[in-house]
Amino acid sequence: MLRRIPKSLGNCTSLEIIHLDDNYFTGEIPQEIVTLPNLTEVTLANNSLTGHIPNAIFNSSNIEIISLYMNQLSGNLPLSIGHWLPNLKVLYLWGNSLEGMIPNSISNASMLTELELGANSFSGSIPNTLGNLRHLEKLNLVNNYLTRESSTLELSFLSSLTNCVNLTSIVVADNPLNGTLPVLTGNFSTSLEEFVAFNCNIKGIIPREIGNLSNLMTLNLEDNELTGPIPTIVGNLGNLQGLFLQNNRIHGSIPNDICHLRKLVDLYLNQNELFGSIPTCWGSLSSLRNLYLDSNQLTSIPLSFWNLTDMLRINLSSNSLNGYLPSDVGKLEHVTQMDLSRNKLSGEIHAIKGLCSLVNLSLAHNKFQGPIPQSLGNLISMERLDLSNNNFSGEIPKTIIELKCLKYFNVSFNRLQGEIPSRGVISQFSASSFMGNQALCGPPQLQVPPCKRSSKTTTAVIVRYILPAMIAAILALFLIFVLMRRQKGDAKLKGEENFNAKLDCMLSIMQLAMACSTEAPEERPNMRVVVTTLKNIKLKFLKDVGED
Numbered sequence: 255m256l257r258r259i260p261k262s263l264g265n266c267t268s269l270e271i272i273h274l275d276d277n278y279f280t281g282e283i284p285q286e287i288v289t290l291p292n293l294t295e296v297t298l299a300n301n302s303l304t305g306h307i308p309n310a311i312f313n314s315s316n317i318e319i320i321s322l323y324m325n326q327l328s329g330n331l332p333l334s335i336g337h338w339l340p341n342l343k344v345l346y347l348w349g350n351s352l353e354g355m356i357p358n359s360i361s362n363a364s365m366l367t368e369l370e371l372g373a374n375s376f377s378g379s380i381p382n383t384l385g386n387l388r389h390l391e392k393l394n395l396v397n398n399y400l401t402r403e404s405s406t407l408e409l410s411f412l413s414s415l416t417n418c419v420n421l422t423s424i425v426v427a428d429n430p431l432n433g434t435l436p437v438l439t440g441n442f443s444t445s446l447e448e449f450v451a452f453n454c455n456i457k458g459i460i461p462r463e464i465g466n467l468s469n470l471m472t473l474n475l476e477d478n479e480l481t482g483p484i485p486t487i488v489g490n491l492g493n494l495q496g497l498f499l500q501n502n503r504i505h506g507s508i509p510n511d512i513c514h515l516r517k518l519v520d521l522y523l524n525q526n527e528l529f530g531s532i533p534t535c536w537g538s539l540s541s542l543r544n545l546y547l548d549s550n551q552l553t554s555i556p557l558s559f560w561n562l563t564d565m566l567r568i569n570l571s572s573n574s575l576n577g578y579l580p581s582d583v584g585k586l587e588h589v590t591q592m593d594l595s596r597n598k599l600s601g602e603i604h605a606i607k608g609l610c611s612l613v614n615l616s617l618a619h620n621k622f623q624g625p626i627p628q629s630l631g632n633l634i635s636m637e638r639l640d641l642s643n644n645n646f647s648g649e650i651p652k653t654i655i656e657l658k659c660l661k662y663f664n665v666s667f668n669r670l671q672g673e674i675p676s677r678g679v680i681s682q683f684s685a686s687s688f689m690g691n692q693a694l695c696g697p698p699q700l701q702v703p704p705c706k707r708s709s710k711t712t713t714a715v716i717v718r719y720i721l722p723a724m725i726a727a728i729l730a731l732f733l734i735f736v737l738m739r740r741q742k743g744d745a746k747l748k749g750e751e752n753f754n755a756k757l758d759c760m761l762s763i764m765q766l767a768m769a770c771s772t773e774a775p776e777e778r779p780n781m782r783v784v785v786t787t788l789k790n791i792k793l794k795f796l797k798d799v800g801e802d
């Protein structure tokens, strides 16, 4: 495999298309290949090319596609970049180390449909002249150091993009834009499907005009400084599949209008200042799969919420939710993660049916009480279970040992009592999983008192282990006594010559007695086996002493 692109390609004067992407080429782009007179496509993406992009590539009047993404190219774009590219349709330069400003002249490449300059080190303001690219369909400037025009707080470049009537995607995330969304955002192309501007220091409110973007599928404004309520007009976005508004300062109640978003799959409203109840009508959002409402001030969960049977991930933690956990939670048979921690939920948790896909469950820091349900042992996919900081009482269910996949278990700071199960997965957890329960007992490494055997337990031990051993021993002695009596009165016996037979008989009976007193019940012989074994021992003894 060649390590460098051969300059000799420049001798192929009829060459129109160069596709050398996804190789291991290193070094600089040869000047010779970008000056070919008939060149229409240059694709050198996903290599390890270094150095500056040859200016000559931006002076080719025939070129339609320049794709140099995912290399290690550096330097600035030429100030005249768009003057000599009348046919350029696609410019992919993302994932390099380019820097400097985006030249205004790029708007002279009037046929441009896709412009992707993300993941570089471009700085300065995003030029308003981008609005002159009337054929532009996709714009990606993510992860640079780009800002707004300093003359206004409004992100004016967004207003200019309303002239691009074919736009389907705008991605400007991870740039310090530090401005407000213009009202004209609602005048974007009706073809717009994706607007992504997370982590941009965007301030102010979400303009209600955004509800005009009827074909929008993804709206991502997370990690900004947005304030005000969620506009009710968002319910007009009938094609919306992902709404990401987390980590802002949005306040007010969650509008019922969200219930009109029947195609919604991902809803992230966490880390805001929302209050009130989760809307009752949310039970009709049958496409919803991922719901994050954590770190707000929400107060109640409607019963209809548990009708979202196809949900995969639910996070309602760190709110002020009250009420109880209904048995309807078992309808969520596909959910893998559910976090209801740090709320004010109370009452007993009754038998949980369903939830067979649940991997992560946290009910920590609530006010639940009563016993931990035995049915938790049926959640065979469980890897993390946190029930800490509640008022659970009673014993830790022994069914928990059936959770073979369990990697994290915490029942600390409850009112649990009794012996900590010592078998199965429970044995791998440390003292921190059980601390704060004054009536628990177990081995010393768990930092709990040793378990005291009650009289009831002692009786059970006597009946289960000691009594069978005593019975077996008595039987053995009785049989030896009978045999010795028979020896004295039987002329066929041969006196001391039968000593070995007697000893063998006694040892066999004692071995049976030991088997009857073994600790594990499943290893002890049943009564039928005991009787049969004793008969066989007797027959062998009589044979050994020569009795017919």
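Per the numbering used here, the sequence shown starts with residue 255, numbered consecutively. Idealized CB from N, CA, C, for every residue including glycine. Just so you know, these numbers come straight off a predicted model, no measurement behind them.
- Burial state of L333 is exposed, judged by a 10 Å Cβ sphere holding fewer than 16 other Cβ atoms.
- Our two residues, L539 and L586, have alpha carbons roughly 14 Å apart in a direct line.
- Between the alpha carbons of L327 and Y278 lies a gap of roughly 14 Å.
- Across the structure, A373 and S379 are spaced so that their CA atoms are roughly 16 Å apart.
- Annotation for I287: the continuous alpha helix (DSSP H) segment containing it runs Q285 to V288.
- The shortest C-alpha to C-alpha distance from N645 to any of I335, L670 and S321 is the one to L670.
- Per DSSP, the continuous beta strand (DSSP E) segment holding L615 begins and ends at N614 to S616.
- With fewer than 16 neighbouring CB atoms inside 10 Å of its own CB, G281 falls in the exposed class.
- With contacts defined by Cβ atoms closer than 9 Å, N668 and N643 form a contacting pair.
- For L641, there is no enclosing alpha helix (DSSP H), since its DSSP letter is neither H nor E.
- For H514, the secondary structure class from DSSP, reduced to helix, strand or coil, is helix.
- Distance between N614 and S423, taken at the CA atoms: about 35 Å.
- With a 10 Å radius around the Cβ and a threshold of 16 neighbouring Cβ atoms, N524 comes out buried.
- Counting only runs of at least 4 residues, the stretch 491-579 fully encloses no alpha helix (DSSP H) element at all.
- DSSP places K797 in the helix class (H, G or I) of the three-state scheme.
- Of all alpha-carbon atoms in M636, T367, G537 and L393, the one lying nearest the alpha-carbon of W348 is that of L393.
- Beta-bridge pairing by DSSP links V425 to N394 and V450.
- Beta-bridge annotation (DSSP): H306 is paired with S328.
- With contacts defined as CB atoms closer than 9 Å, S595 and S572 qualify as a contacting pair.
- For L575, the closest of S531, N561, L557 and I568 by C-alpha to C-alpha distance is S531.
- With contacts defined by Cβ atoms closer than 9 Å, L570 and L547 form a contacting pair.
- DSSP, reduced to helix, strand and coil, places S647 within a strand of the structure shown.
- According to the DSSP assignment, S414 belongs to the alpha helix (DSSP H) that extends over S410 to S414.
- Burial state of G305 is exposed, judged by a 10 Å Cβ sphere holding fewer than 16 other Cβ atoms.
- Look at P698 here: in three-state DSSP terms it is helix.
- When the Cα atoms are used, L366 and P357 turn out to be separated by approximately 15 Å.
- The beta carbons of E527 and Q551 sit about 7 Å from each other, so the pair counts as a contact at 8 Å.
- In this structure, the beta-carbon distance from L757 to V784 does not fall below 9 Å.
- With respect to S635, S666 sits apart: the two C-beta atoms are not nearer than 9 Å.
- Classified as exposed, D276 has fewer than 16 neighbouring CB atoms from the shown chains inside 10 Å of its CB.
- In terms of Cα proximity to P651, the closest of L660, I626, V583 and T416 is I626.
- DSSP links A693 through a beta bridge to Q671.
- Residue range K621 to P625 is occupied by the beta strand (DSSP E) that includes G624.
- Within 10 angstroms of the beta-carbon of S684 lie fewer than 16 other beta-carbons, which makes it exposed.
- If the five residues before and after N620 are omitted, its C-beta is found closer than 6 Å to the C-beta atoms of N597, L599 and N644, all from its own chain and listed in chain order.
- Separation of the CB atoms of G496 and N474 is rounded to 7 Å, and the pair is thereby assigned contact status at 8 Å.
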